[in-house]
Amino acid sequence: MLTKLPVEIRGTRLGLAPFDDLLIERLARHDIYFLCFPFDLDLMVGFVGGDFAWEMSAAGEAAGVDFVVDRLCAIFGGDVRKHVGRAMMTNWGGERFVRGAYAAARPGRSRARATLMQPVAEKIFFAGEHLAGPLMQTCGGARLSGEAVARMVAAQLAAK
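Residue numbers for the sequence shown follow numbering that gives the first Met the number 0, so the first one is 0 and each next one is one higher.
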């Protein structure tokens, strides 16, 4: 699972440039990765994964936001708190239709995606972020994959 923790940072860039990557490694797998100020927005997006993401999800949004702000303060100093605006945590693990699923293939298993791209008995078609090639794991990729499969299905139906 991957949990995202977006945090608004107002009035400072903390010496970071748009799209800088920041990885804070901690003991006990409590690592957090930040995508910093994408598109020069007042935003840093924290990412935690695996078992720690499940722990964070169980602890709740307030605990997740506290964790993110504490990690930023540990790196940049306590003054960061006065620049923190809105913050939240995704609840991907709580979504009943996905239950924390993410389009990441286990090491050595990415070939399975090619199998998923093949229709089953020319009646069942798969589409989504997991089949989006270079846009894998993105909403845009999911949409483009869905549109491509819809065109395939429409062409198949038109040929009958």
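Every residue, glycine too, gets a C-beta built ideally from N, C-alpha and C.
As far as DSSP is concerned, E60 takes part in no beta bridge. CA-CA distance, P5 to L26, rounds to 22 Å. Rounded to the nearest whole angstrom, the CA to CA distance from A102 to M135 is 7 Å.
Counting along the chain, G84 sits inside the beta strand (DSSP E) bounded by residues V83 to A86.
Across the set G45, D39, F38 and D20, the C-alpha of G45 shows the shortest separation from the C-alpha of I31.
Taking C-alpha positions only, H29 is separated from G59 by approximately 16 Å. Collapsing the DSSP output to three states places F38 in a helix.
Minimum Cα-Cα distance from T2 among the listed residues A62, F36 and L40 corresponds to A62. Counting other Cβ atoms within 10 Å of its Cβ, M151 stays below 16 and is therefore classed as exposed. The region 121–132 makes contact with the region 140–149, as at least three CB pairs between them are under 8 Å. Comparing alpha carbon positions, the residue from R112, V83 and L156 closest to R9 is V83.
DSSP places V97 in the coil class of the three-state scheme, outside both helix and strand. Excluding the 5 residues flanking it on each side, M55 has same chain C-beta neighbours closer than 6 Å at T2, V47 and G63, in chain order. In this structure, the CA atom of R105 is about 28 Å from the CA atom of M87. DSSP, reduced to helix, strand and coil, places E7 within a strand of the structure shown. For L21, the enclosing beta strand (DSSP E) has its first and last residue at D19 to I23.
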